[in-house]
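Written below as structure tokens is the structure these notes are about.
Residue numbers (the numbering used here): 21 to 260.
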């Protein structure tokens, strides 16, 4: 049976029936968090055995602003005091409504990366409207890096691949010629699949369709794509 991997999913926002179906479909999930509350809710789901995969802890850049620093500190303190499997969702978001906090976002991003490097943890990176800035910061660290829902240019894609980063593609590519071109330009050795569920009503259950689409674009068998992504996943999380 083919193993599937959803490398960026907000499981705390999903119906339990979806998680149960994912187990039946052999879908492994990297459950990211955006604050301490989402991490704790995800922990409950993990303890119930509803999720196959890993649990990351992070703080979404959209929420990084002066009035939220106490919540951010809870995440930082938890990471420093506990054993965690990875850090994410973290990064930069330079969408217009968040740009006024760019400097603070960048300081926090660097702090998370320093911690990840010290603890040898993989990271799950958000980079909306901020691909060049994220790459410029990341190149100063030696960390196993996954660029979630990559939306950059082909030039930025090449830079990320040259730095050894894994590139995330979502089911959005099923309807996007632009994403299809990026998939074609990305060697299978650097591709990871994800849903970012429940964003845009995407689901981890879409992973088989996504694998089939990538296989079609690459003109290789779906099993070869799935096996390649499994290898990439294991390298990213440090298990091989």
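Just so it is clear, CB atoms sit at the ideal spot from N, CA and C, and this is done for glycine as well.
- Under the DSSP assignment, residue 189 falls in the beta strand (DSSP E) whose first and last residues are 186–189.
- Residue 240 is classed as exposed because its beta carbon has fewer than 16 other beta carbons within 10 Å across all chains shown.
- Residue 110 carries a strand assignment under DSSP once its states are collapsed to helix, strand and coil.
- For residue 135, the enclosing alpha helix (DSSP H) begins and ends at 122–139.
- Rounded to whole angstroms, the Cβ separation of residue 106 and residue 129 is 15 Å, and the two are not in contact under 8 Å.
- Restricting attention to 243, 179, 72, 175, the CA atom closest to the CA of residue 42 is found in 72.
- Between residue 141 and residue 159, the gap from beta carbon to beta carbon reaches 8 Å or more.
- Between the alpha carbons of residue 132 and residue 110 lies a distance of about 8 Å.
- The secondary-structure analysis by DSSP pairs residue 51 across a beta bridge with 29, 75.
- With respect to residue 54, residue 80 sits close: the two C-beta atoms are nearer than 8 Å.
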